[in-house]
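A short write-up of the structure that comes next.
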Amino acid sequence: MGENSINTQRSLNSIELIKVSQAGISFIDIKDVYDVNKPQTINIQIRRDTAAQAAGLIGKQVEVQTTLGKFANGSAASNNVIVTKTIAATDISDNVVTIPFTLTSELAGITALQATILGETQPNGEPRYRATVDARFRATTPAKMLFQAVKSVITPGGSTEIVATVKDKNDVPVEGQTVVFSRTSDSSAGRLSAATAVTNSRGEARVVYQANASSPIGGVVINARLLDDKFNVPTRTTTITVSEEAVYTTLAFADKISSDDIYYTVRGSISVMDGSGRAVPNKEVSIKSYAVEYAQGKVCLLNTNVAYQGANTIDKDGKVNTPALKTSTKQEPLIFKSNWYDTEDPEYNYTLDKDADININDDGSIGNGRLDPINPVAIINGQVSEDGYSFTTDEVGRADFEIRYPIRYSTWVKVRFDASTFLNGSESTQSINYVLPYQLGDLSISDSSLITPWIDHASPFGTGGVPCIDSMSINIDAEKDISKVVLSPYQPNYSVSINGEGPSNISTGYNSFIVDFSKAFDLGSTISVNSNGFGFSKVIQAQ
């Protein structure tokens, strides 16, 4: 470069960017890559045409800037990304000035280095001597490895890249690490393109898996580990499915119910998909149902009355103001349901075992001599296959059907549905437990009378001795800091709490159970009432 020109140089990959310049400034001996956390010497070279001209630079300052890392003896104000050195006679050899700087980076990446002789400018004000160059730092200490297949599902004969990404503790990619690939299972009998690969500047080591035959879900298991085990990076595993056949099913029911005077009917659908999520048409799929749990209980009509008296306030004139009483009255049906009981036919052989008869009768005795619950569900309609039992998926991979069950069994029976299809000689099944729903409009109040879809408003398996609460009165007085709850009719074993806090006193009145709290609860608090294993919770509201 001439003396009157700016010497600019850039390179990502060159080992040596500029070795000779007739006159000017340059970086010399720049390496292709530097390791992080190690001090690196960066040399600046200034060439003049004569030794006398070189000596004329003594006392001039050379400034170097970096966009990554820090200089030893750098400017504290610049966070050590700028360093300045004064040219001394010891830096000069004949007509060449060489000044070393020490740069260390904790982070990997590319830095832009810039060197300038301060105070030497051209007529237009631009620096007379300036050079720039790029240098790259790489991470060297692996701390973790990510591992995955680019495609987790491929077809027979297809292929996918397998990628291991090695990073340091700061999630910076680590270059130059050898990764070893192996298989612990391969039901496809496929092929790996190589046993090892070296990580690139992105920390990625890649090989290719070539599939052969179809496999079960996750039938190809591939491991990756570092060849150098001194870093204690755990082995990673990924799986691949090789398939173009049906591999799994999904089962769903509509949230709308149709009914007549006897039955509820709900639409259902089975979807069959291959390993890549594509629908599979013309695939036979079967569905079966059996009752797994049942509940006892009863629907009660509850009248709730709330009265809330706020605390007095005193205005600036000393006048006491009593807030208006807030009240509410609500009548609503409450379903008191027991915990779920396991079926009394655990072997599903339609035989009642004596020890399995666990119904709690209204008189408190155990067992009613019947097998509970029966399976109340009939699976109807849909596109049936030739065997008259299985369904066949349509052109978009779905098989629609309906379930029908007597109204009286709704909400009290939990039914398990198994939808299954076959893949490579094995059965693929999805199962769900489904509480038979009731139609919301069938549970209502008419002229203070309870209307429900259940005979005597009760579970077909008995009430379990549930005590109906006809009325609940809640009185809260914030001025006196007390709360009172009155339940009727009287039962001796009520448990009442508000926001999880128990009462301070329990007493009885005329056909009523009374609980007192030495605290005024706020509106919006939750009251919980339980008796004989049945209960409910409500938010206390008033206006």
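Numbering (the numbering used here) for the sequence shown: 815 to 1357. We treat Cβ as the ideally placed atom computed from N, Cα and C, and that holds for glycine. Please read all numbers here as calculations on a predicted model, not as lab measurements.
- Just so you know, the alpha carbons of Thr930 and Lys983 end up roughly 36 Å apart.
- In the DSSP assignment, Ala926 falls within the beta strand (DSSP E) that extends over Gly923 to Ile931.
- Per DSSP, reduced to three states, the secondary structure at Arg1016 is coil, with no helix or strand assignment.
- Excluding sequence positions up to five before and after Arg1039, its CB lies within less than 6 Å of the CB of Val994 and Thr1049, all in the same chain and listed in chain order.
- Fully contained in the stretch 1268-1321 are the following beta strand (DSSP E) runs of length 3 or more, in chain order: 1285-1291, 1296-1302 and 1309-1312.
- Per the Cβ contact rule, the stretch 1117-1124 is not in contact with the stretch 1223-1236 (fewer than 3 Cβ pairs under 8 Å).
- For Lys1044, the three-state secondary structure derived from DSSP is helix.
- If the five residues before and after Asn1307 are omitted, its C-beta is found closer than 7 Å to the C-beta atoms of Ser1345 and Asn1346, all from its own chain and listed in chain order.
- Ser1100 carries a strand assignment under DSSP once its states are collapsed to helix, strand and coil.
- Val1099 sits buried, since 16 or more C-beta atoms from the chains shown fall within 10 Å of its C-beta.
- When secondary structure is reduced to three states using DSSP, Ala953 falls in the strand class.
- By a beta-carbon distance limit of 8 Å, Tyr1023 contacts Ser973. Their separation comes to about 6 Å.
- Here Val850 is not bridged, per DSSP, to any residue.
- Rounded to whole angstroms, Ile872 and Thr1010 show a C-alpha spacing of 55 Å.
- Using a Cβ distance threshold of 9 Å, Thr1157 and Tyr1108 count as a contacting pair.
- Under the criterion of beta carbons closer than 8 Å, Ala1093 and Val1210 qualify as touching, at roughly 5 Å.
- With at least 16 other beta carbons inside 10 angstroms of its own, Leu1115 counts as buried.
- In this chain, Gln867 is not harboured by any beta strand (DSSP E); it is covered by the alpha helix (DSSP H) spanning Ala865 to Ala869.
- In the structure shown, Thr880 falls within a coil segment according to DSSP collapsed to helix, strand and coil.
- Secondary structure at Asp948: strand, using DSSP grouped into helix, strand and coil.
- Contact annotation, Val897 with Gln859: C-beta distance approximately 16 Å; criterion of less than 8 Å not satisfied.
- A Cβ-Cβ separation of about 5 Å places Ala978 in contact with Phe961 under the 8 Å criterion.
- Between Thr1206 and Asn1096, the C-beta spacing is below 9 Å.
- Of the residues assessed, Asp1000 falls on the buried side of the cut-off, its CB having 16 or more other CB atoms within 10 angstroms.
- Three or more Cβ pairs drawn from the stretch 1289-1297 and the stretch 1318-1336 lie within less than 8 Å of each other, which places the two stretches in contact.
- Looking from the CA of Lys1112, the closest CA among Asn887, Asn1153 and Pro1030 belongs to Asn1153.
- Taking the C-beta atoms as reference points, Leu1254 is found no nearer than 9 Å to Pro1190.
- Taking C-alpha positions only, Lys1130 is separated from Gly1338 by approximately 30 Å.
- Look at the beta carbons and you see the stretch 1276-1283 not touching the stretch 1132-1141: under three pairs across the two are nearer than 8 Å.
- The C-beta separation of Thr1013 from Glu975 comes to about 14 Å, leaving the pair out of contact by the 8 Å criterion.
- Exclusion of the five residues before and after Gly1349 leaves Val1343 as the residues of its chain whose Cβ lies within less than 6 Å of its Cβ.
- Taking every protein chain shown into account, the CB of Ile1071 has 16 or more other CB atoms within 10 angstroms, so this residue is buried.
- Ranked by how close their Cα comes to the Cα of Ile968, the residues Thr1053, Leu921, Arg1016 and Pro987 have Thr1053 in first place.
- Excluding the 5 residues flanking it on each side, Thr1055 has same chain C-beta neighbours closer than 8 Å at Ser966, Val967, Ile968, Ser1029, Pro1030, Ile1031, Gly1032, Gly1033, Val1034, Val1061 and Gly1089, in chain order.
- With contact defined as three or more Cβ pairs closer than 8 Å, the stretch 913-921 and the stretch 862-870 are not in contact.
- Around the C-beta of Pro853, fewer than 16 other C-beta atoms lie within 10 Å, and the residue is accordingly described as exposed.
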